[in-house]
Every structure is written in C-alpha cells, then in structure tokens.
Amino acid sequence: MKNRKLRMGMVGGGSDAFIGAIHRCGAFMDNQIELVCGCFSVNPEISRSSGLSYYLPEDRIYSTYQEMFEHELTLPEGERMDFVTIVTPNKWHFEPAMMALERGFHVVIDKPITFSLEEAKELQKKVEETGLVLALTHVYTGYPAVKDMKARIAAGELGKIRRVYVEYCQGWLSERIELLSGNNAGWRTDPKRSGKAGCIGDIGTHAWHLSEYVLGQKVTELCGDLTSFVPNRPIDDDGTAFLKYDGGAKGVLVSSQICAGEENNIRIRVYGEKGGLEWRQEEPNSVYAKWIDKPKEIYRVGNGGYMAPIAKYNARTPGGHPEGFIESFANIYRNFSATVRAIAEGRKATEEELDFPTVYDGVRGMQFIETMVEAGHNDSQKWQKWID
831 MKNRKLRMGM VGGGSDAFIG AIHRCGAFMD NQIELVCGCF SVNPEISRSS
881 GLSYYLPEDR IYSTYQEMFE HELTLPEGER MDFVTIVTPN KWHFEPAMMA
931 LERGFHVVID KPITFSLEEA KELQKKVEET GLVLALTHVY TGYPAVKDMK
981 ARIAAGELGK IRRVYVEYCQ GWLSERIELL SGNNAGWRTD PKRSGKAGCI
1031 GDIGTHAWHL SEYVLGQKVT ELCGDLTSFV PNRPIDDDGT AFLKYDGGAK
1081 GVLVSSQICA GEENNIRIRV YGEKGGLEWR QEEPNSVYAK WIDKPKEIYR
1131 VGNGGYMAPI AKYNARTPGG HPEGFIESFA NIYRNFSATV RAIAEGRKAT
1181 EEELDFPTVY DGVRGMQFIE TMVEAGHNDS QKWQKWID
C-alpha cells in the first residue's frame, strides 16, 4: 500500500441519500482514500446513476453488493478495493459486513453496527478470526475538543469523577413525517428496518458512547424509560436513563427526537471532586472548565500551547476555524487508514492511529440498546444489569 491511496468500495450512499456523501467527504479529506466501486442502492438504476455521477467506470458500479464482492475478488490485487464502507439502514449492515470480512476486505460501518446483538457478536468473532480492521463511525468522539476533554479527565484534572450528564436532543420527528416522502424518517421509525429501538438506537447510542469514551469508564447498570410521544409511531422517539459506571461515576442520559425546535444538540457535562468540563457540538471548538476555587475557563481548539497531544493530532486548522462534523468523520477515516497501512507494513499501529471506534464499541452499542429496551419496557424492574 505504499505510494498509493487506499481503495474504497461503498454499499449504500447513493445520490438520494444523506450520510453517504458525508462519509465520502470525510474519507477523502486527507487524500489517503479513493472511491473505486460501489453498490449505491437496492435500486440498480439509482446505483448506476449514482456511480456515474461519482465518475466511476461502469464495470465497477454494481447492482448488488454480492456481485460487487465477488467481482472485486477476480480483479488483480493492484486494482481491487481494500475496504468497504457500509451506509445502509440497520437491517442491511450485517450481511455485507460479514461477506466483506470473509473475503478479506476491511470494513467501515455506520452505527449501530448491526440489527441485533447476536449479529454484532458474530462480526466480532469474524474480526478476531481474520485480523482485519472494522471501524465504526461514532463520529462525535472524532472532535478534537472531545479528545482534549477525555485527556484532561484521564490526567486527573477533575479528581475522581462523580457525575456525568449527556444528552442528544433533536426535534425533527416531532410530527409523523415518516408518512411523507423526501426524508429518511421512514426506516428509522420502522422496527423491521431499524431494529428494536428507534431514537435510543439512532442517537441515544451516540450519547452513551460519547460518555464512555470521555470518562474512560464502562456502564454496568442502567434504569431506562422509553416513550413514543407521537401517536401511532411504533417505536420510541424519546428515551432517558440513569447510568452506573464501573469507575464509580453516575450519569443521566437524555435522548429525544421530539424536542421541538432543537437541531442536533449533543452535549456532555462531567463533574469531579475539583470541577467540571462541558462540551456541546453546536459550539464544537470550546471546552468549558468550571472550578470550585477559581473562575470558569474556556479551552479552545487550535491553541496548541495547552491542548492535549491527542487533541493536537486530530486538530486540522488554526484557532478560530470550526472543527466540525465532516472533519470528525475524517479523523476516524484517517486513523482507520493508518491502522490498515500499519498491518500491511507489518508494524504495530500507534496509539493515535488506533484512536477510532471498533467492533468492540459496536457490540457494546448493541448491548446498550438491548439493556435500554429491557429496562424501558419493563415497569416491574426498571434497573437492569448490562446485557451480555
């Protein structure tokens, strides 16, 4: 892989989809990756028109992902794809991911990792068996400000952590827009395509993962509540949980898609014995520090004099230039790519290169969903141990 870009295939992400374009922008940002093939839709015509609009040759635009994997394997090693990015509704995550791993391709996959916990565990076994790399795009951990926050907590700046509040509030599902065309609410509110959880699987998993990443602690038990506020919606559009972590911290998680007027408001606040830290995505370059015995401070991304090394490594622009959503995707793709190259070169990837969510985060994400569903719909026993 020396002196060339990594070659990416894509399942999903057609010109009629939202998240595929975000993945491509993030993947291409560091000039380490190129798109060489794809099956971009279950509709062959949309797949073909999308592929042509991405300037791919017609013989590398496929009608099915099965066809793509089989044909790519017949190509010379110097031409075939190196990895595949999967950006489909949850129900269609597992099969193409497993098929790719079985054929020797690395995988990037949108969260949640699979439709069920059982599928996630099967993928984990296959990753361990093959030694291939699987990256999961829990994108909010890609922000340099979040990484700075994590490093400060790990260094003990707050003392022993006591309390975390993490929330992810949106308002776009305040009405039953899934009955209309021209949006992607349909599959997200359909248990047959999204899985057991709606809001808690779609964005609640991001809030949970952000809290574990920043704290460096794992949830062991939770008390959950799930609600479908919009009439006749068959799946949750709102969820809340009390969390217990293995390091002694306790937390509150709020995840809602019916907070009318909210856009994409993910926020985390962590409090220890000495003070607290706060970050919110809608102001991505700032971490607010609050202390018992001195004034509030603001740590700004791009100011290398006081940023943690891992935050500097993932920062891309001088101070005052927002480090945003696409850049966070780019950080995951860059670190994933560096790890893939390290394997090809027979060397051990560095700590910075390994800083991206993996199949293990994916399995824990599905465990979070299962535990939340069990707690959220069980009025007789609201506190549930982490489901294995």
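Residue numbers for the sequence shown follow this note's numbering, so the first one is 831 and each next one is one higher.
Note that CB positions come from ideal geometry on N, CA and C, so glycine has one too.
- Burial of SER1024 is indicated by the presence of at least 16 other C-beta atoms within 10 angstroms of its C-beta.
- For LEU1083, the closest alpha carbon among the candidates THR1035, THR1147 and ASP1066 is that of THR1035.
- For GLN896, the secondary structure class from DSSP, reduced to helix, strand or coil, is helix.
- Beyond the five residues adjoining it in sequence on each side, PHE945 comes within less than 7 angstroms, by CB distance, of ASN920, LYS921, HIS923, PHE924 and GLY1025 in the same chain, given in chain order.
- Between ASN1094 and GLU1153, the beta carbon gap of about 16 angstroms keeps them out of contact (Cβ cut-off 8 angstroms).
- If you check the CB distance, ALA1119 and GLU1112 do not come in under 8 angstroms.
- Look at the beta carbons and you see the region 1089 to 1106 not touching the region 1047 to 1067: under three pairs across the two are nearer than 8 angstroms.
- TYR998 sits in a strand when the DSSP states are folded into three classes.
- DSSP lists no bridge partner for GLU1093.
- Spanning the alpha carbons of LEU1009 and GLY1106 requires a straight line of approximately 43 angstroms.
- Separation of LYS1178 and GLU949 (C-alpha to C-alpha, rounded to the nearest whole angstrom) is 29 angstroms.
- For the options TYR1190, TYR973, VAL872 and GLY868, the alpha carbon positioned closest to that of ASP889 is the one of GLY868.
- Within the region 853 to 915, the runs of alpha helix (DSSP H) that reach at least 4 residues and sit entirely inside it are, in chain order, 874 to 883 and 895 to 904.
- Residue state for GLY1206 is assigned as helix, using DSSP reduced to three classes.
- The three-state secondary structure of VAL1131, taken from DSSP, is coil.
- Approximately 17 angstroms separates the beta-carbon atoms of HIS1039 and GLY856; this is outside 8 angstroms, ruling out the contact.
- Annotation: the continuous beta strand (DSSP E) that includes GLN1214 extends over 1213 to 1215.
- Assigned with DSSP and collapsed to three states, ASP1191 falls in helix.
- Residues of the same chain with a CB within less than 7 angstroms of the CB of CYS1053, apart from the 5 flanking positions on each side, are ALA1071, PHE1072, ALA1205, LYS1212 and TRP1213 in chain order.
- PHE870 sits away from ILE863, with the two beta carbons spaced by 8 angstroms or more.
- Taking all protein chains in view, the Cβ of ILE1122 is surrounded by fewer than 16 other Cβ atoms within 10 Å, so the residue is classified as exposed.
- With 16 or more other Cβ atoms inside 10 Å of its own Cβ, GLN1047 counts as buried.
- The Cβ-Cβ distance between ASN1165 and GLY1149 does not fall below 8 angstroms.
- Take HIS936, set aside five residues on each side of it, and the residues of its chain with a beta-carbon closer than 6 angstroms to its own are PHE913, LEU962, VAL963 and VAL1170, in chain order.
- If you draw a 10 Å sphere on the C-beta of THR1180, you find fewer than 16 other C-beta atoms in it, and that means exposed.
- For LYS1126, the three-state secondary structure derived from DSSP is coil.
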